[in-house]
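Written out below as structure tokens is the structure these notes cover.
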Amino acid sequence: MIHWIWKKSREETWNVAIAPETRVSAHEDGLAFLHIPSGRVFVCNRTGARIWQALSSGLSATAVCDEISRVYSLPQDLVRRDTRLFLGELERQGLAVRRAR
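Per numbering that gives the first Met the number 0: the sequence shown ends with 100, consecutive numbering throughout.
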């Protein structure tokens with residue numbers, strides 16, 4: 000299992016990338032991930048799409064979690080936990096990988 004890196008400072012980082020054998024497409028309600036080797040399709044909602052797109056474009060984890068917390072009026076610790084779970088599930092399903100630093 001991937002261990003996403005959280006710095007002790009306020010600025011948290013993740014280095015994530017789409018796995019080479021995965022394709023992603025946006026749809027009205029979120030994202031669809033196609034895992035080519037298995038032919039399986041995984042979907043996530045708009046919040047998952049927001050997390051994925053922001054992190055993959057280089058936005059810091061802190062900024063992503065702050066935005067989601069503000070937009071949905073959710074506690075930051077809950078958003079951070081759910082974001083880590085979401086990314087861990089993407090990795091577990093073979094959809095995302097850690098990028099080298």
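Yeah, the Cβ is synthetic: ideal placement off N, Cα and C, and Gly gets one too.
Every value quoted in this text rests on a predicted model; they were computed, and no experiment measured them.
Environment of residue i [buried if 16+ CB atoms lie within 10 Å]
{"i": "LEU77", "result": "exposed"}
Spatial neighbours of residue i in its chain, beta-carbon cut-off 7 Å, leaving aside the 5 residues before and after
{"i": "GLY29", "result": "VAL42, CYS43, ASN44, ARG45, GLY47 and ALA48"}
Same chain only: Cβ atoms within 8 Å of residue i, ignoring 5 sequence neighbours per side
{"i": "GLU20", "result": "HIS34, ILE35, PRO36 and GLY93"}
{"i": "VAL63", "result": "ARG49, ILE50, ALA53, LEU54 and THR82"}
{"i": "LEU73", "result": "ILE67"}
Cβ pair residue i, residue j closer than 9 Å
{"i": "VAL15", "j": "LEU54", "result": "yes"}
{"i": "VAL23", "j": "TRP51", "result": "yes"}
Beta-carbon proximity list for residue i, same chain, < 6 Å, skipping 5 on both sides
{"i": "PHE32", "result": "THR21, VAL23, PHE41 and LEU94"}
Length of the line joining the Cα atoms of residue i and residue j
{"i": "ALA60", "j": "ARG83", "result": "10 Å"}
{"i": "SER68", "j": "ARG91", "result": "25 Å"}
{"i": "GLN75", "j": "ASP65", "result": "7 Å"}
{"i": "ARG79", "j": "ARG39", "result": "27 Å"}
{"i": "ALA18", "j": "LEU89", "result": "9 Å"}
{"i": "GLU27", "j": "LEU86", "result": "21 Å"}
{"i": "ALA25", "j": "LEU58", "result": "19 Å"}
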